[in-house]
């Protein structure tokens, strides 16, 4: 055979998605190369979760002593912080998907299934969500602990760990949910339409 | 030449609705044979890119059918369409459209990984294809570290990744200077001659004419005329005057 021939090695070709590591490498490359952009997304997640974690820690610290009226107010604050957090995270993830319609269209042209594209975004969102949420939870809970310590009260180590755990869980879930909807929509778009989108 | 690789019958594509409705393609029927080098020519807005998208399975027609290797692509599911794009068609774009976060070699091997090839086998074939387009020593560079002409060469290597029946090139020289554009056309012609790759190219670059076996002229969404290369050499003057 001519060594420069483009003929494929005679091997059976499968109609399956590539192994997960292909999506993993694509997601990692995207985070590495767009580091600053992704760091901003991550910071958006972290700040939202920090707010949530700080209020949650306050609740933990005052769980025993708070008046029913105060407890209700704190619950209301937690709900507000969650909404703010959701808006921030959704906005960050929507932008990061919208910026990449063209790339999605190209990958589709190369033969990627819709599932592969969603997988790449899920991996990316999980990684960004994890880093942002852990960082944000520790930051929020840490700052609130200092404020409480000045007042002479504390939520204790167990309370701190509980809040960080909850913050991380909420953050990761929120990031995935926020990323997955636009990613599915982008993946389902005809390749020609995705390629036409200019952002 | 009797082996038909692409056939379209009365393809209609409509964009917009109501009064804003535009018939980008209005009943295009054509046949393209294996091993041919076909150029689709026409002014901007004539529908050549739309026809390109239809043939490439990037969009579905509103009426009529497109057959690629005797398969009606309108009947395919999303996954079957992805399979067709992966194995049967290679794409080259005006704006290169390389994956910016991956290196030249990774760009070339990605379609092979989608086709289920083993990574080391894909790397070996990727290097062979980069060598074929003269970029073997730039394999670890990312697209933004390559010139326009080099990026287009990587795109050509990537288009050949899974040994497709058809290579579709949408204005491949549109973003390149005269000399680089000429080199790209020569490379495409060489691949067509030596490897027998069917090349379908949407273009309004007159340099492309000289490389083409047949030229499809599109006007207002319809196939105005088909010229063969022999007919063309007699008429080059008038074609140039027309542009």
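Residue numbers (the numbering used here), protein chains in the order written: chain A, 2 to 200; chain B, 1116 to 1358.
Think of the CB as a built atom: it goes at the ideal place given N, C-alpha and C, for glycine as much as any other residue.
Check                                                                                                                                                                                                             : Outcome
Any Cβ of chain A within less than 7 angstroms of the Cβ of residue 1145 of chain B?                                                                                                                              : no
Rounded to the nearest angstrom, what separates residue 1286 of chain B and residue 33 of chain A at their Cα positions?                                                                                          : 32 angstroms
Would you verify that the beta carbon of residue 1216 of chain B is, or is not, closer than 7 angstroms to some beta carbon of chain A?                                                                           : yes
Can you tell me where the beta strand (DSSP E) with residue 1252 of chain B in it begins and where it stops?                                                                                                      : Careful: residue 1252 of chain B lies outside any beta strand (DSSP E) and carries neither H nor E.
Say whether chain A places a C-beta atom closer than 7 angstroms to the C-beta of residue 1235 of chain B.                                                                                                        : no
For a test of the three-state rule: what should DSSP assign to residue 125 of chain A, helix, strand or coil?                                                                                                     : helix
Assuming contact is defined by CB atoms lying nearer than 7 angstroms, are residue 169 of chain A and residue 134 of chain A in contact in what I supplied?                                                       : yes
Kindly indicate which three-state DSSP category residue 7 of chain A falls into: helix, strand or coil?                                                                                                           : Because the pLDDT at residue 7 of chain A is just 49, under 50, the model does not fix this residue reliably, and the value given afterwards should be weighed accordingly. Reduced to three states, the DSSP call for residue 7 of chain A is coil.
Is the region 1251-1270 of chain B close to the region 1208-1225 of chain B, with three or more CB pairs under 8 angstroms?                                                                                       : yes
Identify, in the order they occur along the chain, each residue of the same chain with its Cβ nearer than 6 angstroms to the Cβ of residue 7 of chain A, setting aside the five sequence neighbours on each side. : Because the pLDDT at residue 7 of chain A is just 49, under 50, the model does not fix this residue reliably, and the value given afterwards should be weighed accordingly. Taken in chain order, the list of residues that qualify is empty.
By alpha-carbon positions, which one of A/82, A/60, A/80, A/83 ends up nearest to residue 72 of chain A?                                                                                                          : A/60
From what residue to what residue does the beta strand (DSSP E) around residue 1183 of chain B run?                                                                                                               : 1178-1183
How many whole angstroms separate the CB atoms of residue 1268 of chain B and residue 1283 of chain B, which I take to be in contact at a CB cut-off of 8 angstroms?                                              : So it is not a contact: roughly 17 angstroms between Cβ atoms.
Between the alpha carbons of residue 1346 of chain B and residue 118 of chain A, how many angstroms are there, rounded?                                                                                           : 46 angstroms
Would you mind stating whether residue 1223 of chain B and residue 1199 of chain B have Cβ atoms separated by less than 7 angstroms?                                                                              : no
Looking at the secondary structure, which residues open and close the alpha helix (DSSP H) in which residue 1272 of chain B lies?                                                                                 : 1263-1274
Pull up the DSSP beta-bridge partners for residue 1284 of chain B, would you.                                                                                                                                     : B/1207, B/1316
Quick check on the DSSP output: the alpha helix (DSSP H) that includes residue 1188 of chain B runs from which residue to which?                                                                                  : Segment: none, residue 1188 of chain B is in no alpha helix (DSSP H) and carries neither H nor E.
Name the DSSP bridge partner or partners of residue 32 of chain A?                                                                                                                                                : Per DSSP, none; premise fails for residue 32 of chain A.
How do the region 1324-1332 of chain B and the region 1128-1135 of chain B stand: do at least 3 beta-carbon pairs fall below 8 angstroms, yes or no?                                                              : no
Here's a check: name, in chain order, each residue in its chain whose Cβ is nearer than 7 angstroms to the Cβ of residue 1295 of chain B, leaving out the five neighbours to either side.                         : 1263, 1264
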